[in-house]
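Report on the following structure.
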Amino acid sequence: MFLAHFMGDIHQPLHVSFADDEGGNSIIVHWYRRKSNLHHVWDVSIIETAMKDFYGNDLVTMIEAIGHNITNAWSDQVPGWESCNGSTATCVDGYASESINLACNYAYKDVDQGATLEDDYFLSRLPIIERRIAQGGVRLAALLNRIFDTQKRSIM
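In this text, residue positions in the sequence shown follow the working numbering: the first is 36, and each later residue adds one.
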């Protein structure tokens, strides 16, 4: 359970961002009309808005859409997501580096204390979040396959 949790966390850009703003927790914004903080926007609000606006509040439909992108739109990228050419620590460093770059280039970009984040922010950041969910899932599956394949070989 911890492994799944940590794999998800490292793919959320604000979970590996800056200590001085507590990963966006101290950046107060308005998500449309609701007061929030930047971290919560990336953890919850963008996904909830997408669920409501695009997926009929149906989690299964959202998961299926992301799965469809994994097997179609992103299929050429999936082998790179699955592979880990170094130690597990090296892979984790790479995942964290991807996230901090996304935090700087997307999460924090054009966001100031008290900003109101609406459609432009939502529509330009949702693809980033959906892709990170996909990457985290594919990478977790690949890691679990490596772990259990190794255990299976050691039993035989």
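Ideal Cβ placement from N, Cα and C applies to all residues, glycine included. Note that the structure is predicted; figures quoted are calculated from it, not measured.
If you compare alpha carbons, which of the options is closest to residue i?
i, options, result
"Thr84", "Tyr156, Leu175, Tyr130", "Tyr156"
"Asp145", "Ala176, Val64, Asp128, Ala177", "Val64"
"Val113", "Ala176, Phe41, Asp56, Arg181", "Ala176"
"Tyr130", "Leu152, Thr106, Ala150, Arg166", "Arg166"
Does the distance from the CB of residue i to the CB of residue j come in under 8 Å?
i, j, result
"Ile98", "Ala169", "no"
"Asn72", "Gly59", "yes"
"Ile105", "Leu137", "no"
"Trp66", "Leu152", "yes"
Under the rule that 16 or more other beta-carbon atoms within 10 Å means buried, what is residue i, buried or exposed?
i, result
"Gln148", "exposed"
"Asp184", "exposed"
"Met36", "exposed"
"Ile81", "buried"
"Val95", "exposed"
"Gly115", "exposed"
"Arg68", "exposed"
Along the chain, where does the beta strand (DSSP E) that runs through residue i open and close?
i, result
"Trp66", "63–66"
"Lys70", "69–72"
Report all residues from its chain with a CB closer than 8 Å to the CB of residue i; omit the five preceding and five following residues, and keep chain order.
i, result
"Asp78", "Gln47, Leu49"
Residues in the same chain with beta-carbon distance under 6 Å from residue i, minus the five sequence neighbours each way, listed in chain order, please.
i, result
"Ser134", "Pro48, Val51"
For the alpha helix (DSSP H) holding residue i, just list the boundary residues, first then last.
i, result
"Lys87", "81–89"
"Asn104", "94–106"
"Asp78", "Where Asp78 is concerned, there is no enclosing alpha helix (DSSP H), given that its DSSP letter is neither H nor E."
"Ala142", "Looking at the DSSP string, Ala142 is not in any alpha helix (DSSP H), and its letter there is neither H nor E."
"Ala150", "No alpha helix (DSSP H) contains Ala150, which DSSP labels as neither H nor E."
Give every residue of the same chain whose Cβ lies closer than 7 Å to the Cβ of residue i, excluding the five residues on either side of it in the sequence, and list them in chain order.
i, result
"His74", "Leu49, Gly58, Gly59, Asn60"
"Ala39", "Leu175"
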